[in-house]
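Below: one structure, written as structure tokens.
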Amino acid sequence: MNKSVRPPASLPSERATGTGFADRGDDIGEPDFEAIQQSPEFKLLRRRLLWFIFPMSAFFLCWYMTFVLFSAYDHDFMSRKLFGAVNTGTVFGLLQFVTTMAIVLTYRRFARKKLDPQVDTIHELAGVGKE
Numbered sequence: 156m157n158k159s160v161r162p163p164a165s166l167p168s169e170r171a172t173g174t175g176f177a178d179r180g181d182d183i184g185e186p187d188f189e190a191i192q193q194s195p196e197f198k199l200l201r202r203r204l205l206w207f208i209f210p211m212s213a214f215f216l217c218w219y220m221t222f223v224l225f226s227a228y229d230h231d232f233m234s235r236k237l238f239g240a241v242n243t244g245t246v247f248g249l250l251q252f253v254t255t256m257a258i259v260l261t262y263r264r265f266a267r268k269k270l271d272p273q274v275d276t277i278h279e280l281a282g283v284g285k286e
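If you want the numbering used here, it's the 1-based position in the sequence shown plus 155.
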């Protein structure tokens, strides 16, 4: 029932020498997750993710609410025929799907270029994936 005492979180000088987080975990060889969470590499990853998620979510919410408000309060605009049986409301509704796919593809590209290299760095410091 005694819990082993871990050394303090890794110091920047130790990380700079390449020891990483791998040797700071518990006795079964897991990395020290607290040290990883407090590391500048992880904080950078979180900051990059949040700088993408919040603006993109705000953009989509504003776009969706525009669609909802027009649908609820401006029937004349939304029922305006564009061609054949297609009206402005139909186009706005279909553009919601297009916008969703554009956001997904944009996130995929962003993650590949900005997040994945940072995750690989954290994995390397944590000793994850070593065989």
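The C-beta atom is built at its ideal place from N, Cα and C for all residues, glycine as well.
Only a predicted model underlies this, so the values are computations on that prediction, with no experimental measurement involved.
Measure the alpha-carbon distance for residue i versus residue j and round it to whole angstroms.
i, j, result
"R201", "Q192", "10 Å"
"R235", "L260", "31 Å"
"E196", "T276", "8 Å"
"T221", "F252", "15 Å"
"Y265", "F238", "First, the amino acid is wrong: residue 265 is Phe here, not Tyr. If you take the alpha carbons of F265 and F238, they lie about 37 Å apart."
"M270", "F188", "The question names Met, but residue 270 in the sequence shown is Leu. Cα-Cα distance, rounded: 19 Å."
On a Cα-Cα basis, can you pick out the residue from the options that is closest to residue i?
i, options, result
"K268", "L204, E185, P186 and D187", "L204"
"R263", "P186, F207 and L250", "F207"
"L249", "W218, F265, S194 and E196", "W218"
"G291", "F188, L224, S212 and M256", "Lying before the first or after the last residue shown, residue 291 is absent from the chain, which here runs from 156 to 286."
"A213", "E185, D187, I258 and F247", "I258"
"M256", "F238, F215, G239 and L237", "F215"
"D229", "A240, E196, F247 and T254", "F247"
"N242", "F252, T254 and S226", "S226"
"L199", "L280, V274 and E279", "V274"
Who pairs with residue i in a beta bridge, going by DSSP?
i, result
"K236", "N242"
Please report the Cβ distance between residue i and residue j, rounded to the nearest whole angstrom; I am assuming they are in contact, meaning their Cβ atoms lie under 8 Å.
i, j, result
"P186", "G282", "6 Å"
The ligand SAM heavy atoms versus the CB of residue i: any closer than 7 Å?
i, result
"I191", "In the structure shown, the ligand SAM is absent, as is every other ligand, since no ligand is present at all."
For a minimum of 4 consecutive residues, which ranges assigned as the alpha helix (DSSP H) are wholly contained in the region 187-228?
188-193 and 195-228
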